[in-house]
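J.:
Residue numbers (the numbering used here): 1491 to 1605.
1. Would you tell me roughly how many angstroms separate the C-alpha atoms of residue 1511 and residue 1519, rounded to the nearest one?
2. Hey, quick one: how far does the alpha helix (DSSP H) through residue 1586 stretch, first residue to last?
3. Quick one, are the C-beta atoms of residue 1571 and residue 1582 less than 8 Å apart?
4. Taking the straight line between their C-alpha atoms, what separation do you get for residue 1573 and residue 1567?
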């Protein structure tokens, strides 16, 4: 009987602590709900979108310019080697084909072996 009273007292104390914790949490949540929330205007969002689109477009133009300049140099070198030194052009073509074939076969064997 004495053991049951001790258990009941402990349960009541735990229930009081739980209810106190719940009430503190609710009070904290209510105080958080009272803070004002600022939502920017739609114009601000539209302006941000316009700025990001402009930045993206500038970056795209820069990247394409660099790409075309590099491609122009590479193609110029290939055309010059084709007309001036056809043997070097043929060697470059063979080296390119061998490199692509070996790289592809290595990748496939790694994928098949699970590495």
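Ideal placement from N, C-alpha and C gives every residue a C-beta, glycine not left out. Please read these numbers as outputs of a predicted model, since none were measured by experiment.
T.: Answer, in terms of the structure:
1. Cα to Cα, residue 1511 sits roughly 12 Å from residue 1519.
2. That run of the alpha helix (DSSP H) goes 1576–1603.
3. Yes, Cβ-Cβ distance for residue 1571 and residue 1582 is below 8 Å.
4. 10 Å
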